[in-house]
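Just below is one structure, and these are the notes that go with it.
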Amino acid sequence: MSVQENWKPEKVFDSILETVGHTPMVRLNRVAKDISVNVLAKLESFNPGGSVKDRIGLAMIEAAERHGLIKPGYTIVEPTSGNTGLGLALAARVKGYKVVFTMPDKMSAEKVNLLRAFGAKVIVTPTAVPADHPGNYIKVAERIAREDPSSFMPNQYFNSANPDAHYKTTGPEIWEQTDGRVDVLVAGMGTGGTISGIGRYLKEKNPDIRIIGVDPEGSMYHHEFYGTSGAIQTYKVEGIGEDFMPSTLDLKTVDEIIVVSDKDAFQTARRLAAEEGIFAGGSSGAAVFAALQVAKRLDGDKTIVAILPDTGRNYMTKIYSDAWMCEHGFMETSDERILVEDILKSKSGTIENIISVRPDDRIETAVDLMMRHSVSQLPVVKDEMQVGSVSEKNLVERLCAQCGTRTSCGERCESRIEQIMEPPLPSVGKTDRILNPFLLLRDRNAMVVMEGQRMVDVITTIDVVNYLMGRAP
Numbered sequence: 001m002s003v004q005e006n007w008k009p010e011k012v013f014d015s016i017l018e019t020v021g022h023t024p025m026v027r028l029n030r031v032a033k034d035i036s037v038n039v040l041a042k043l044e045s046f047n048p049g050g051s052v053k054d055r056i057g058l059a060m061i062e063a064a065e066r067h068g069l070i071k072p073g074y075t076i077v078e079p080t081s082g083n084t085g086l087g088l089a090l091a092a093r094v095k096g097y098k099v100v101f102t103m104p105d106k107m108s109a110e111k112v113n114l115l116r117a118f119g120a121k122v123i124v125t126p127t128a129v130p131a132d133h134p135g136n137y138i139k140v141a142e143r144i145a146r147e148d149p150s151s152f153m154p155n156q157y158f159n160s161a162n163p164d165a166h167y168k169t170t171g172p173e174i175w176e177q178t179d180g181r182v183d184v185l186v187a188g189m190g191t192g193g194t195i196s197g198i199g200r201y202l203k204e205k206n207p208d209i210r211i212i213g214v215d216p217e218g219s220m221y222h223h224e225f226y227g228t229s230g231a232i233q234t235y236k237v238e239g240i241g242e243d244f245m246p247s248t249l250d251l252k253t254v255d256e257i258i259v260v261s262d263k264d265a266f267q268t269a270r271r272l273a274a275e276e277g278i279f280a281g282g283s284s285g286a287a288v289f290a291a292l293q294v295a296k297r298l299d300g301d302k303t304i305v306a307i308l309p310d311t312g313r314n315y316m317t318k319i320y321s322d323a324w325m326c327e328h329g330f331m332e333t334s335d336e337r338i339l340v341e342d343i344l345k346s347k348s349g350t351i352e353n354i355i356s357v358r359p360d361d362r363i364e365t366a367v368d369l370m371m372r373h374s375v376s377q378l379p380v381v382k383d384e385m386q387v388g389s390v391s392e393k394n395l396v397e398r399l400c401a402q403c404g405t406r407t408s409c410g411e412r413c414e415s416r417i418e419q420i421m422e423p424p425l426p427s428v429g430k431t432d433r434i435l436n437p438f439l440l441l442r443d444r445n446a447m448v449v450m451e452g453q454r455m456v457d458v459i460t461t462i463d464v465v466n467y468l469m470g471r472a473p
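Residues 1 to 473 (this note's numbering) are what the sequence shown spells out, left to right.
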C-alpha cells in the first residue's frame with residue numbers, strides 16, 4: 001500500500017507528534033519562469049515545529065526508547081543549529097523528558113527563544129572554534145552528557161535513526177507525490193541525514209535519479225567529495241555544511257555537490273517569499289539556487305525536487321532584515337562603508353592584550369577590571385576564544401534581581417562569571433568594511449575585532465562616535 005493511501009487524515013490527532021511528515025510539494029513558477037523543466041519544492045516548514053528536523057527528532061527519541069537508552073526522568077542533550085532542537089523538544093516534552101541544547105552563537109535569537117519556549121535550557125557557544133576545541137558546541141554537549149548519568153545524547157551526526165527517518169518517510173512521500181517521475185533531488189547537507197536517507201530510497205526505486213548536495217562556501221563537504229583542498233571557514237547560512245565528516249552523511253548516494261554562497265542563498269530565500277509566497281530560511285534559498293542552476297542544464301520534461309528545510313520565521317532579524325543584509329554585504333547599497341581598521345586607528349591609546357575575564361573568575365574580578373580600565377563591558381574568554389560577555393547593565397540587573405541586601409550582594413560577588421554571563425559580543429574582522437557600525441552596537445555597546453581566529457581589540461560605541469567626529473588619537 002502506498003504512503004498516501006496508508007495515511008488517512010483524522011478529525012482529531014492524539015498528539016502533535018502524529019502531525020509530523022506528509023508535507024506538501026509545490027511547483028515553483030515565478031523564480032523558475034525562464035526554465036523549461038519542472039522545479040518542485042518540498043515544504044518541510046509544514047511540520048509542526050516548522051522544519052524537516054521534526055522527522056528525526058521524533059525518530060531518534062523513539063529509537064532510543066526501543067533500545068532502552070532513555071526512561072522517564074531522563075534529560076535529552078543535543079548540539080543543534082536550532083531546528084533539530086525544536087524537533088527533539090516537541091517529542092521530548094510530549095513524552096515527558098527534559099531537554100538541554102548547545103548552539104553556536106551565529107544562530108538567530110529567534111531560534112534560541114523558540115527552544116526556550118518549549119522549556120529547553122539553551123547554552124550558546126562560540127562559532128569560530130575548531131571542531132576539536134572544548135568550546136565547540138558539540139564538545140560542550142558531549143561533556144554535559146558525560147557528566148550526567150541520567151542524560152542521553154541522540155547525537156544526530158552519528159545516529160542511524162536520522163537517515164533512516166528520511167528513508168522511511170521523506171523519500172517515499174517524494175516518490176508518491178511525483179508518481180515516480182523525479183529526475184533530480186537537490187538537498188542541503190548538514191548532518192547529511194536528509195540527503196542520504198532520501199537518496200538511498202530514490203536510488204533503490206530508480207538508479208538513474210541524480211542526487212545533488214548543496215554545500216555553503218567554507219564547509220568541508222565539497223572538498224571531501226571531490227578530493228580537493230581549501231580553507232574551512234565560518235559562514236552565515238545556518239543548518240548546512242560542517243567542518244568534520246558525520247557518519248550520517250553517505251557520500252556514495254551523492255552524484256554531485258554544488259557550492260552556494262551566503263549571498264546567493266539569502267537573496268534566493270527572499271525571492272521565494274516575494275515571488276512565490278514561500279517563507280523559508282537560508283538553507284532553503286541555497287537549495288533552490290542550486291536547483292535553478294541544475295535546471296538550466298536540462299531540457300525536456302524533467303522534474304527537479306528541492307528540499308526546503310525550514311520556515312523563514314527564524315530569520316526575521318537576519319535574512320529578512322534589510323539592515324542586516326546590507327551590513328553583511330548581501331544587499332547592494334550606495335552608502336559609504338567604514339573600514340574597521342580606521343576606527344581602531346582613531347582610538348585613543350593602544351592595548352597589548354584585550355581586557356577580559358574567564359568563565360571561572362568571580363564576579364568581583366569583573367567589577368574590579370571595569371573600574372580599573374573604565375570599561376562597561378568585558379568579553380568572557382576561554383582557551384583564547386570568546387564564549388560570552390559581561391556588562392555593567394548585566395551585573396546590575398542580576399545583582400538587583402538576586403540580592404535582597406547589601407550583605408547578600410557581597411556574597412553574590414563571590415559567584416562565578418559563567419553563572420551570569422551573556423552571549424558573546426558581536427564580532428567583525430579587522431579588514432571588514434561595515435555600512436553602519438551602530439547596527440552592530442544597537443543591542444550591545446561593544447564588538448570584538450578579529451584577525452583570523454584571534455581577538456585583537458574591542459570597539460565600543462564611544463570609539464565609533466570619536467571616529468565619526470574626526471577626533472584623532
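Note that CB positions come from ideal geometry on N, CA and C, so glycine has one too.
How about residue i and residue j: are their beta carbons less than 9 Å apart?
i, j, result
"Lys203", "Thr253", "yes"
"Val448", "Pro423", "no"
"Gly171", "Tyr201", "yes"
"Gly192", "Pro154", "no"
"Arg295", "Ser283", "According to the sequence as given, residue 295 is Ala; it is not Arg. Going by C-beta atoms, Ala295 is not nearer than 9 Å to Ser283."
"Leu86", "Gly57", "yes"
"Val99", "Ala89", "yes"
"Lys430", "Val458", "no"
"Leu43", "Gly82", "no"
"Glu173", "His22", "yes"
"Arg362", "Ile278", "no"
"Arg433", "Ile304", "no"
"Gln386", "Asn445", "no"
Would you mind reading off the limits of the beta strand (DSSP E) that contains residue i?
i, result
"Met371", "It is not in any beta strand (DSSP E) - Met371 instead sits in the alpha helix (DSSP H) that spans 363-373."
"Leu308", "303-308"
"Val26", "25-27"
"Val465", "No beta strand (DSSP E) contains Val465, which is instead part of the alpha helix (DSSP H) from 461-468."
"Leu43", "38-43"
"Met447", "446-451"
"Leu185", "184-188"
Thinking residue i and residue j are a contact (beta carbons under 8 Å), I'd like their distance in whole angstroms, please.
i, j, result
"Ala287", "Ala273", "In fact, because the Cβ distance is near 15 Å, the residues do not count as touching under 8 Å."
"Ala213", "Ala187", "Note on residue identity: the sequence assigns Gly, not Ala, to residue 213. Indeed, because the Cβ distance is near 7 Å, the residues count as touching under 8 Å."
"Arg94", "Ile16", "The residue you asked about is not Arg; residue 94 is Val in the sequence shown. Indeed they touch by this definition, with Cβ atoms about 6 Å apart."
"Ala161", "Ala63", "4 Å"
"Ser196", "Asp132", "That pair is no contact at about 24 Å."
"Leu28", "Phe152", "The pair is not a contact, with the Cβ atoms about 40 Å apart (cut-off 8 Å)."
"Ala366", "Val357", "5 Å"
"Val39", "Ala291", "6 Å"
"Thr248", "Asn159", "7 Å"
"Leu344", "Ile355", "About 15 Å separates the two Cβ atoms, so there is no contact after all."
"Thr317", "Ser108", "6 Å"
Quick check: what's the CA-CA separation for residue i versus residue j?
i, j, result
"Gly452", "Lys263", "21 Å"
"Lys71", "Thr84", "20 Å"
"Arg210", "Asp255", "6 Å"
"Thr407", "Val396", "The pLDDT assigned to Thr407 is 49, lower than 50, so where the model puts this residue is not dependable; a value taken from the coordinates is nonetheless given after this. If you take the alpha carbons of Thr407 and Val396, they lie about 15 Å apart."
"Met469", "Val122", "41 Å"
"Pro309", "Ala41", "10 Å"
"Thr102", "Gly300", "47 Å"
"Thr194", "Arg55", "10 Å"
"Asp105", "Gly388", "9 Å"
"Ser346", "Asn466", "7 Å"
"Thr405", "Glu327", "The pLDDT assigned to Thr405 is 48, lower than 50, so where the model puts this residue is not dependable; a value taken from the coordinates is nonetheless given after this. Distance between the alpha carbons of Thr405 and Glu327 is about 44 Å."
"Arg454", "Val428", "11 Å"
"Ser229", "Leu185", "26 Å"
"Pro149", "Thr460", "43 Å"
"Lys205", "Ile257", "21 Å"
"Ala472", "Met450", "Here the model assigns Ala472 a pLDDT of 48, short of 50, so the residue's position is not dependable, and the following value carries that caveat. Computed Cα separation, rounded: 23 Å."
"Tyr167", "Ala280", "23 Å"
"Glu360", "Glu110", "A quick correction: the sequence has Asp, not Glu, at residue 360. Rounded to whole angstroms, Asp360 to Glu110 spans 29 Å at the Cα level."
"Leu298", "Thr311", "29 Å"
"Val31", "Val37", "12 Å"
What span of residues does the alpha helix (DSSP H) with residue i cover, start to end?
i, result
"Gly263", "Going by the sequence as given, residue 263 is Lys instead of Gly. Lys263 -> alpha helix (DSSP H) spans 262-271."
"Met325", "322-327"
"Ala165", "161-165"
"Phe289", "282-295"
"Ser376", "Looking at the DSSP string, Ser376 is not in any alpha helix (DSSP H), and its letter there is neither H nor E."
"Ser196", "193-205"
"Ser346", "340-346"
"Gln177", "171-177"
"Met60", "53-66"
Report the residue ranges of all beta strand (DSSP E) runs contained in full by the segment 111-145; include only those spanning at least 3 residues, in chain order. Fully enclosed beta strand (DSSP E) runs of no fewer than 3 residues occupy 121-125 of the segment 111-145, in order along the chain.
Going residue by residue through the segment 74-110, where are the continuous alpha helix (DSSP H) segments of at least 4 residues, counting only ones entirely within it? At a cut-off of 4 residues, the continuous stretches assigned as alpha helix (DSSP H) that sit fully inside the segment 74-110 are 83-95.
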